[in-house]
Each structure stands twice: as C-alpha cells, then as structure tokens.
DNA sequence: AAATGTGTTGACCGAGCGGTTAACGATTGA
DNA sequence: TCAATCGTTAACCGCTCGGTCAACACATTT
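Residue numbers (the numbering used here), protein chains in the order written: chain A, 1 to 206; chain B, 207 to 412.
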C-alpha cells in the first residue's frame with residue numbers, strides 16, 4: 001500500500017549515518033532532531049537507537065568516518081619535485097578533498113564553534129594535516145611570525161573561508177560563488193597567493 | 207533574604223541582551239534555551255519575552271547591535287598615506303575590532319553555517335567591509351583570480367581562521383594560541399602576508 | 001515444530017522547550 | 001487619592017525532545 005521503495009536489509013544503518021551527516025552539516029548538531037534524521041533516512045526513529053547508542057554517538061561516528069578518508073586523501077610528498085611544486089600539490093589535494101567532502105568542514109566548523117566534546121578528534125585531524133605541511137615547509141619557514149604553524153593556519157583559513165562565507169557572498173560575487181567556474185577561479189587565486197608567500201619565504205631565507 | 211545583588215531599574219533589558227550574546231556566541235542559537243539566558247542574566251524567564259518578542263528577535267537585536275559598531279569601527283582611509291599603509295591600517299583596524307568583539311565572529315559564523323534567517327544582515331556587513339577594501343585596493347587588483355573580491359575574501363579568511371580554529375590549535379601552538387603574545391605574533395604574520403600579496407599585485411600591474 | 005536471534009515497529013515516558021497569562025508591587029500622573 | 005501604567009513574577013500551556021520498551025515479522029538453527 002505504501003509508496004516506499006523496497007529497502008534492502010542491512011542498509012538502514014548506512015542510510016541513517018548519511019542522513020545524520022547531511023543534517024548535521026546543514027544545521028549543526030543541536031538544531032537537528034533524531035526524528036529529522038529518521039525521516040530523511042526513511043526509517044523508524046527507534047531504529048536509530050538500535051544501531052547507534054544515542055545522538056552524540058551518531059555525530060562521533062560521522063566524524064570518525066571523515067577522519068579516515070581525510071588521512072587517506074593526503075598523498076605523500078613527491079621528493080623528486082621542487083618544494084614549490086610540492087606545496088602546490090598539497091594545496092590541490094586539500095582543495096580536492098574539501099570539494100568532495102564539503103559537508104566535512106561544515107560539521108568540523110560547527111563543532112569547533114560550539115566547542116563540543118569532539119574537538120579532540122578534530123584536533124587529531126588538524127595535527128595530521130599540520131605534520132604534512134610541516135614536512136614540506138619546515139626548511140623554508142622561519143621563526144616567530146614566519147613559523148610553519150602560521151603558514152599552516154593561513155593556508156587553512158584561505159581555503160576554508162570560501163566555503164564558510166559563500167552564502168553571504170552572492171552579491172559581491174554577482175552570482176553563485178560555488179559555481180564550477182567560480183570555484184576554478186578561486187583555486188587559481190589561491191595558487192597565486194601561495195606563490196607570493198613562497199617567494200617571500202625564499203627572500204627571507206637569503 | 208536572597209543574596210541577589212540589588213538590580214537597578216531599566217538595566218534588565220541590557221543584561222538579557224548581554225547574556226544572550228554570550229551564550230549564542232559560545233553555543234550557537236539552537237543550543238541555547240531562553241531559560242539559560244534568563245538564568246545568566248539573573249532575571250525571570252518571562253521578562254525575556256516582555257522585552258523581546260521571542261528568541262529569534264533576541265538574536266536579531268544582538269546582530270543589529272554589532273552591525274552598528276562594525277560600521278563605526280571601519281575608519282575611513284587616509285589618502286595622505288601610501289596605498290600599502292592604507293591596507294595595513296585597514297588590517298589593523300579589522301583585527302582590533304575582532305579582538306574587541308570576538309563574540310561577534312562566533313555568532314556570525316554560527317549563523318552562516320546554519321544558513322539561518324539572518325544571513326541577510328550578515329551579508330550587509332560583508333558588503334560594507336568589502337566596499338572599504340575595494341576602495342583601497344581597486345587600482346592595484348586585477349581581473350579573474352586577482353579580482354578585489356578574492357583578496358577581500360582571503361583577508362577575511364586569514365584573519366578569522368585564527369579565532370575559529372583556536373580551540374584545536376593548542377597542541378600545535380604549544381600553549382594557548384589566544385595569549386596576548388601569540389596574538390601579537392599572529393598579527394605580525396598577517397601583516398607580513400599582506401605585504402607579500404601587495405608586492406605580487408604591484409609586480410602584476412607592471 | 002519449536003526455539004533462537006535479528007531487524008523493525010508504534011506507543012509511550014519524563015524532561016525541557018518556547019511562549020502566554022493573570023496577577024502583583026511599585027511608580028507615576030491627574 | 002485614586003487610577004493607570006510599568007516591571008516583574010509564578011504558574012501554566014501545548015509541544016517536541018532524546019530515549020525506552022514490549023511486541024512483532026521473519027529467517028535460521030535445532
């Protein structure tokens with residue numbers, strides 16, 4: 001009688017996780033109800049608690065999933081290329097990852113802002129990414145205001161800002177900032193920016 | 207009988223607004239209850255609705271308040287100084303504002319991420335800030351990836367990232383990233399960064 | 001055929017939510 | 001002096017929240 005699509009067994013668990021991911025990214029943990037998740041997943045609410053202990057666990061599982069793919073996405077540096085190229089390659093792979101997983105940074109930012117209980121896991125992700133940047137930049141960077149950590153944070157900020165502020169940029173951008181061509185242009189800008197920074201670091205070294 | 211401090215009349219309204227501001231910044235709109243606000247303001251819950259129509263209005267009033275001071279904080283460019291100095295002055299005043307109103311960006315980011323109903327007001331704030339940047343940078347910037355809007359967004363990202371990611375940076379920073387000396391060092395880094403970008407823009411112009 | 005285990009369900013729970021209301025004391029103005 | 005207004009309160013409302021539970025369908029094992 002119902003118009004529901006036939007549900008394969010065993011996939012309910014994954015559907016719940018995907019729905020939770022989508023909603024947490026869009027509205028933040030606190031603004032999402034378990035009922036919302038169940039409805040989007042086309043699943044009975046009680047089933048959510050059958051597969052996941054509680055709402056908080058659901059968020060943790062979503063983050064864990066990302067943590068894994070985040071680690072995989074960071075391809076190791078290719079030592080046969082120049083440092084400049086290595087940095088550009090790192091930026092490219094980071095942008096690729098974020099474009100493919102735009103929900104990830106939304107959830108991460110939500111958690112960071114709310115100073116939730118999962119900041120520890122996020123910190124691990126940051127440390128991982130930092131060690132990769134350090135690997136490549138350690139020799140070029142300097143001390144104090146030119147310490148690697150500042151460049152790491154600046155890179156992160158440059159990349160992430162675009163996605164965070166997009167909803168408020170449409171007037172300035174004169175259209176959807178997230179369109180394919182605009183994203184491409186933004187990438188070019190970012191590569192240009194780190195090029196200037198790399199030049200500055202080289203000059204400082206000499 | 208109660209240990210409550212004597213409350214001057216008329217200040218209850220402001221106390222509510224301040225409490226709301228503090229809590230919205232710390233936990234986000236959805237995660238804050240009117241009871242929380244009333245308790246922090248040491249005020250009866252019903253009084254919140256006496257002064258403010260509802261919870262959403264309270265958030266709007268908080269944002270309006272910031273919108274005003276944000277506009278005031280942007281001192282006009284001093285045409286007697288060089289463009290470089292004008293850009294540095296703009297960065298400094300933006301950093302000053304954000305350090306004095308760190309709750310502001312937290313609330314703004316929360317709203318942007320949640321794509322709430324107040325994005326319109328935030329957009330106005332962004333447009334305002336953008337026009338100031340454009341004023342100073344219009345002649346230097348170029349087209350496509352070197353368009354002013356990209357520099358505007360990059361500046362914003364560079365500045366804001368520090369405050370957003372601070373809670374997850376303590377291991378990398380080897381201590382509180384928000385300490386006075388670390389904030390000073392970060393400022394120096396940012397001035398160094400925009401110096402490199404300005405050099406790049408000049409080179410591109412030639 | 002009986003027993004067992006797994007996935008799924010609707011009905012239910014207490015707690016907390018945003019918001020309302022009627023009444024009260026203090027202040028003010030006629 | 002009396003009435004009106006203002007700031008404040010406790011009690012209450014309907015509703016949604018996260019989470020539980022007993023029962024059920026169904027497949028597998030004994």
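Here a beta-carbon is modelled for each residue, glycine too, at the ideal position from N, C-alpha and C. Predicted model only: the values in this text are computed from it and were never measured.
Asked                                                                                                                                                                   : Found
Cα separation between residue 350 of chain B and residue 152 of chain A?                                                                                                : 25 angstroms
Can you tell me whether DSSP reads residue 182 of chain A as helix, strand or coil?                                                                                     : helix
In the structure shown, what three-state DSSP assignment does residue 136 of chain A receive?                                                                           : helix
Quick one: is the Cβ of residue 290 of chain B within less than 7 angstroms of any heavy atom of the ligand ATP?                                                        : Because no ligand of any kind appears in the structure shown, any question about the ligand ATP cannot be addressed here.
Could you compute how far the alpha carbon of residue 61 of chain A sits from the alpha carbon of residue 219 of chain B?                                               : 42 angstroms
Output the boundary residues of the alpha helix (DSSP H) element that contains residue 62 of chain A.                                                                   : 55-73
With distances taken Cα to Cα, identify the nearest neighbour of residue 112 of chain A among A:93, A:50, A:126 and A:79.                                               : A:126
Is residue 194 of chain B helix, strand or coil by DSSP?                                                                                                                : This structure does not reach residue 194 of chain B, given that chain B is present from 207 up to 412, and the question cannot be answered.
Do you know how far the Cα of residue 279 of chain B is from the Cα of residue 97 of chain A?                                                                           : 37 angstroms
Taking all protein chains shown into account, decide if residue 322 of chain B is buried (16 or more other Cβ within 10 angstroms of its Cβ) or exposed.                : buried
Name the chain A residues whose beta carbon is nearer than 7 angstroms to that of residue 377 of chain B?                                                               : 123 and 127
Which word fits residue 286 of chain B, buried or exposed, when buried means at least 16 other C-beta atoms lie within 10 angstroms of its C-beta?                      : exposed
Taking 8 angstroms as the threshold (beta carbon to beta carbon), is residue 200 of chain A in contact with chain B?                                                    : yes
Classify residue 167 of chain A as helix, strand or coil using the three-state DSSP reduction.                                                                          : helix
Run down chain A in chain order and give the residues with a C-beta less than 8 angstroms from the C-beta of residue 336 of chain B.                                    : 172
Just checking: is the beta-carbon of residue 27 of chain A within a distance shorter than 8 angstroms of some beta-carbon in chain B?                                   : yes
Answer with buried or exposed for residue 4 of chain A, where buried requires no fewer than 16 other C-beta atoms within 10 angstroms of its C-beta.                    : A caution first: residue 4 of chain A carries a pLDDT of 39, below 50, which makes its placement in the model unreliable, though a value can still be read off. Per the 10 Å Cβ criterion, exposed.
Please list the residues of the stretch 80-113 of chain A that have a C-beta atom closer than 7 angstroms to any C-beta atom in chain B, keeping them in chain order.   : 106, 109, 110, 112 and 113
Within the continuous alpha helix (DSSP H) that includes residue 88 of chain A, where are the two ends?                                                                 : 83-100
Between which residues of its own chain and residue 164 of chain A is the CB-CB distance below 7 angstroms, once the five residues before and five after are set aside? : 109
Work out the CA separation of residue 85 of chain A and residue 415 of chain B for me, nearest whole Å.                                                                 : Residue numbering for chain B in the displayed model covers 207 to 412; residue 415 of chain B lies beyond these limits and cannot be assessed.
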